[in-house]
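Asks:
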Amino acid sequence: MMMLSVLRSSPCIIMASFRCTSISTTFNNVDRSTPLEILRKKNERVDVEFPHLPEAERFHRKYANFEEIVKDVPVMKCVNVDAIFANREVRLSELDVYGFDYDYTLVNYTDGLADFIFDTTIDMLVSKWKYPCELKNIKYDPNFLIRGLHYDIITGFLMKVDAYRNIQPGTVYKGLKPVPADVVQANYNGLYIPAGLVRGSVATPEHKMTQMMDFFDLPAAYAVCSVIEYFDQSGIVYQPECIYTDVKQAIEYIHGSGLLYRTICADLKSYIKPNPQLRDLLIHLASHAKSLFLISNSGADFISKGMRYVVGNGWERFFDVIIVRANKPDFFRSNSAPFRAVDESGAFESWAESTKLERGHLYQGGNLNLLNKLKGWQVQRVLYFGDHVYSDLADASNQWGWATAAVIPELENELALINTQEYQRNLHRLVFLEELLIENQMCRTAVGQAILNSWRRERDQLRQESKECFNPRFGSVFRSFHNYSYFAQRLGLYASMYTSTVTNLLQLPINHICYPRRALLPHEPH
Numbered sequence: 071m072m073m074l075s076v077l078r079s080s081p082c083i084i085m086a087s088f089r090c091t092s093i094s095t096t097f098n099n100v101d102r103s104t105p106l107e108i109l110r111k112k113n114e115r116v117d118v119e120f121p122h123l124p125e126a127e128r129f130h131r132k133y134a135n136f137e138e139i140v141k142d143v144p145v146m147k148c149v150n151v152d153a154i155f156a157n158r159e160v161r162l163s164e165l166d167v168y169g170f171d172y173d174y175t176l177v178n179y180t181d182g183l184a185d186f187i188f189d190t191t192i193d194m195l196v197s198k199w200k201y202p203c204e205l206k207n208i209k210y211d212p213n214f215l216i217r218g219l220h221y222d223i224i225t226g227f228l229m230k231v232d233a234y235r236n237i238q239p240g241t242v243y244k245g246l247k248p249v250p251a252d253v254v255q256a257n258y259n260g261l262y263i264p265a266g267l268v269r270g271s272v273a274t275p276e277h278k279m280t281q282m283m284d285f286f287d288l289p290a291a292y293a294v295c296s297v298i299e300y301f302d303q304s305g306i307v308y309q310p311e312c313i314y315t316d317v318k319q320a321i322e323y324i325h326g327s328g329l330l331y332r333t334i335c336a337d338l339k340s341y342i343k344p345n346p347q348l349r350d351l352l353i354h355l356a357s358h359a360k361s362l363f364l365i366s367n368s369g370a371d372f373i374s375k376g377m378r379y380v381v382g383n384g385w386e387r388f389f390d391v392i393i394v395r396a397n398k399p400d401f402f403r404s405n406s407a408p409f410r411a412v413d414e415s416g417a418f419e420s421w422a423e424s425t426k427l428e429r430g431h432l433y434q435g436g437n438l439n440l441l442n443k444l445k446g447w448q449v450q451r452v453l454y455f456g457d458h459v460y461s462d463l464a465d466a467s468n469q470w471g472w473a474t475a476a477v478i479p480e481l482e483n484e485l486a487l488i489n490t491q492e493y494q495r496n497l498h499r500l501v502f503l504e505e506l507l508i509e510n511q512m513c514r515t516a517v518g519q520a521i522l523n524s525w526r527r528e529r530d531q532l533r534q535e536s537k538e539c540f541n542p543r544f545g546s547v548f549r550s551f552h553n554y555s556y557f558a559q560r561l562g563l564y565a566s567m568y569t570s571t572v573t574n575l576l577q578l579p580i581n582h583i584c585y586p587r588r589a590l591l592p593h594e595p596h
């Protein structure tokens with residue numbers, strides 16, 4: 071069935087093969103069938119042995135079989151929250167070079183950073199563009215949003231889109247309130263979003279949707295939602311696109327002016343999470359003669375202070391190449407930008423182009439084509455870690471053939487929820503109930519149809535409960551009701567593997583093979 075095949079084909083939300091037979095006596099002594107197969111056989115016997123029973127009575131017997139089977143489905147083995155999950159086979163023994171982004175890859179930030187970005191954005195809206203002073207009373211809510219959502223800058227709708235560009239029902243918000251389903255349908259002539267609207271992660275004149283792929287996007291998006299909510303509540307006439315543009319300009323100033331970096335550097339303990347394992351990881355890779363490099367859009371002074379705080383003095387010696395202000399994703403696309411040597415403050419050491427990249431030295435700019443020429447790395451022997459699926463991984467994977475690894479911190483919490491018995495019981499019930507619906511939808515009576523409708527209502531309730539385990543408004547970062555989320559689909563396209571933190575690599579032997587799970591297609595037996 072579709073639901074089960076989708077669950078089993080995702081490396082992270084993999085949940086179940088339902089083949090455990092060691093816990094429940096119900097499945098120990100009957101046969102070697104899976105619980106789902108047992109349900110199918112029992113319900114087939116109902117139709118064969120009682121063909122003359124009223125349809126409603128047969129449905130009631132099948133539902134009783136469902137209740138009997140599902141209560142004894144074994145608890146699944148917990149998924150390791152610190153694991154590395156493979157979309158494609160990666161042989162670590164064949165890798166010579168490991169590369170890393172900086173922000174949210176080597177270094178992670180506390181919740182205080184999002185608070186600062188949100189508060190500063192609101193302050194700028196009030197002081198520069200004369201937005202109402204009352205907006206300054208709003209506090210950032212880190213639990214409202216999830217990464218990967220799409221924002222329509224014309225309608226002001228924030229929504230979750232699945233891998234096939236379908237809007238997930240019940241996940242469309244304007245401001246801080248849900249948008250009624252009929253309004254969503256009217257605005258988009260259904261629930262399907264054309265490819266042209268969602269292409270890329272940045273809204274353009276041609277593409278009026280932007281996707282929140284970056285952790286820095288979340289406080290900005292919440293600022294937009296908060297302003298819209300206040301304006302709606304206050305009866306203020308506005309154009310959503312103008313609010314989006316103003317917030318975008320405020321965010322660009324916070325980053326571009328250096329305000330964000332100065333604030334972090336002035337109080338590293340408040341904004342950067344300690345990570346003692348990071349130094350261990352760098353030592354581990356260097357001890358196995360792996361070449362290491364860092365490519366970041368952040369500046370030299372900012373990176374130097376952060377790495378010294380997390381790794382310690384002499385952090386530069388771990389890296390064969392350190393590239394700052396790389397201007398990704400253009401770094402992967404341009405063939406013209408030169409490398410220029412800088413010191414730890416970011417000052418140029420020379421006005422000439424650098425024609426040699428020395429170990430432990432910092433370089434600004436450049437491009438990947440030139441990096442390959444200067445270092446002579448074989449592209450198939452490079453693994454690059456980053457948190458941004460588009461800016462860090464897409465071109466590195468698609469255009470250059472690097473193996474890529476996405477760092478997805480949300481994975482840890484999602485897996486912890488998936489491992490709970492409550493979630494697993496809900497999932498078992500949902501999967502088995504969908505089996506009932508699939509096998510019995512050709513009903514012939516009004517009474518039978520009423521029973522099916524009650525099953526569908528139960529299914530809707532189970533799906534809603536599963537969604538709310540992760541986030542009450544938008545659910546899991548990785549999936550919608552039926553399919554992968556758009557975020558997860560992009561992740562599968564551009565990332566060879568993914569994990570919650572880069573230091574999870576320490577758990578693997580240096581010659582480990584990361585195997586992907588075989589994905590079942592809808593037409594294959596399951």
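When the sequence shown is numbered by this note's numbering, its final residue is 596 and no position is left out of the sequence of numbers.
All residues carry an ideal CB built from backbone N, CA and C; glycine is no exception.
I want to know whether the segment 230 to 241 touches the segment 549 to 558 - three or more CB-CB distances under 8 Å.
Replies: yes
Asks: When burial is assigned at 16 or more other CB atoms within 10 Å of the CB, is residue 148 buried or exposed?
Replies: exposed
Asks: Counting pairs of Cβ atoms below 8 Å between the segment 495 to 504 and the segment 124 to 142, do you hit three or more?
Replies: yes
Asks: Is residue 420 near residue 409, with beta carbons less than 7 Å apart?
Replies: no
Asks: Hey, residue 573 and residue 479 are a contact pair by Cβ (cut 8 Å); roughly how many whole angstroms apart?
Replies: So it is not a contact: roughly 12 Å between Cβ atoms.
Asks: Would a C-beta distance cut-off of 7 Å place residue 370 and residue 432 closer than the cut-off?
Replies: yes
Asks: Do the CB positions of residue 353 and residue 396 come within less than 7 Å of each other?
Replies: In this structure, residue 396 does not lie closer than 7 Å to residue 353 by Cβ.
Asks: Compute the distance between the beta-carbons of residue 219 and residue 283, then report whether it is under 7 Å.
Replies: no
Asks: Exposed or buried, residue 490, counting other C-beta atoms within 10 Å across all chains shown (16 or more means buried)?
Replies: exposed
Asks: With a CB to CB cut of under 8 Å and the five nearest residues on each side skipped, what residues in its chain are close to residue 333?
Replies: 186, 341.
Asks: What are the residues that DSSP puts in a beta bridge with residue 362?
Replies: DSSP, once it has assigned bridges, lists 168 as partnering residue 362.
Asks: Out of curiosity, what's the CA-to-CA distance linking residue 90 and residue 502?
Replies: Per-residue confidence for residue 90 stands at a pLDDT of 33, beneath the threshold of 50, marking its modelled position as unreliable; the derived number appears in the next sentence. The straight-line gap from Cα to Cα measures roughly 16 Å.
Asks: Could you check which residue in 565, 579, 539, 584 has the C-alpha nearest to that of residue 216?
Replies: When C-alpha distances from residue 216 are compared across 565, 579, 539, 584, the shortest belongs to 539.
Asks: Could you check how far apart the C-beta atoms of residue 484 and residue 412 are, in whole angstroms? I think they sit under 8 Å.
Replies: The beta-carbon distance between residue 484 and residue 412, rounded to whole angstroms, is 39 Å. This is too long to meet the 8 Å contact definition.
Asks: Just verifying my parser: in three-state terms, what is the DSSP assignment at residue 220?
Replies: strand
Asks: Just reading off the beta strand (DSSP E) that residue 473 is part of, what are its end residues?
Replies: 473 to 477
Asks: Return the bridge partner residues of residue 228 from the DSSP annotation.
Replies: 221, 243
Asks: Compare the Cα-Cα distances from residue 418 to each of 434, 251, 429 and report the closest residue.
Replies: 434
Asks: Is the segment 439 to 458 touching the segment 167 to 177 in the sense that three or more CB pairs, one from each, lie closer than 8 Å?
Replies: yes
Asks: Taking the alpha-carbon of residue 510 as reference, which of 104, 103, 105, 110 has the nearest alpha-carbon?
Replies: 110
Asks: Between residue 436 and residue 464, is the Cβ-Cβ spacing less than 7 Å?
Replies: It is not a contact, given that the beta carbons lie outside the stated cut-off.
Asks: Determine the DSSP secondary structure at residue 453, reduced to helix, strand or coil.
Replies: strand
Asks: Identify, in the order they occur along the chain, each residue of the same chain with its Cβ nearer than 7 Å to the Cβ of residue 403, setting aside the five sequence neighbours on each side.
Replies: 465
Asks: Report whether the distance from the Cβ of residue 228 to the nearest heavy atom of the ligand GTP is below 6 Å.
Replies: By its list of ligands, the structure shown contains no ligand whatsoever, and the ligand GTP lies outside what it can speak to.
Asks: For the alpha helix (DSSP H) containing residue 194, name the first residue and the last one.
Replies: Here the alpha helix (DSSP H) through residue 194 covers 181 to 199.
Asks: Apply the 10 Å Cβ neighbour rule to residue 164 and answer buried if 16 or more other Cβ atoms are within range, or exposed otherwise.
Replies: exposed
Asks: In chain order, what residues of the same chain have a beta carbon less than 6 Å from the beta carbon of residue 221, not counting five sequence neighbours either side?
Replies: 228, 280
Asks: Nearest-angstrom Cα distance between residue 580 and residue 294?
Replies: 45 Å
Asks: How far does the beta strand (DSSP E) with residue 410 in it extend, from its first residue to its last?
Replies: For residue 410, the enclosing beta strand (DSSP E) covers residues 409 to 412.
Asks: Just how far apart, CA to CA, sit residue 382 and residue 475?
Replies: 25 Å
Asks: Would you mind stating whether residue 389 and residue 362 have Cβ atoms separated by less than 7 Å?
Replies: In contact: residue 389 and residue 362 (Cβ atoms closer than 7 Å).
Asks: Under the DSSP definition of a beta bridge, which residues are partnered with residue 281?
Replies: Residue pairing by DSSP places residue 281 opposite 220 in a beta bridge.
Asks: Enumerate in chain order the residues of its own chain whose CB-to-CB distance from residue 360 is below 6 Å, with the five nearest sequence positions on each side excluded.
Replies: Non-local C-beta neighbours of residue 360 in its own chain, meaning closer than 6 Å and more than five positions away in sequence, comprise 168, ordered along the chain.
Asks: Looking only at C-alpha atoms, which of 297, 253, 113, 258 sits nearest to residue 136?
Replies: Comparing C-alpha distances from residue 136 to each of 297, 253, 113, 258 shows the shortest one belongs to 113.
Asks: Counting C-beta neighbours from all protein chains within 10 Å, is the total for residue 505 16 or more, i.e. buried, or is it exposed?
Replies: buried
Asks: So, with DSSP's three-state summary, where would you put residue 236?
Replies: strand
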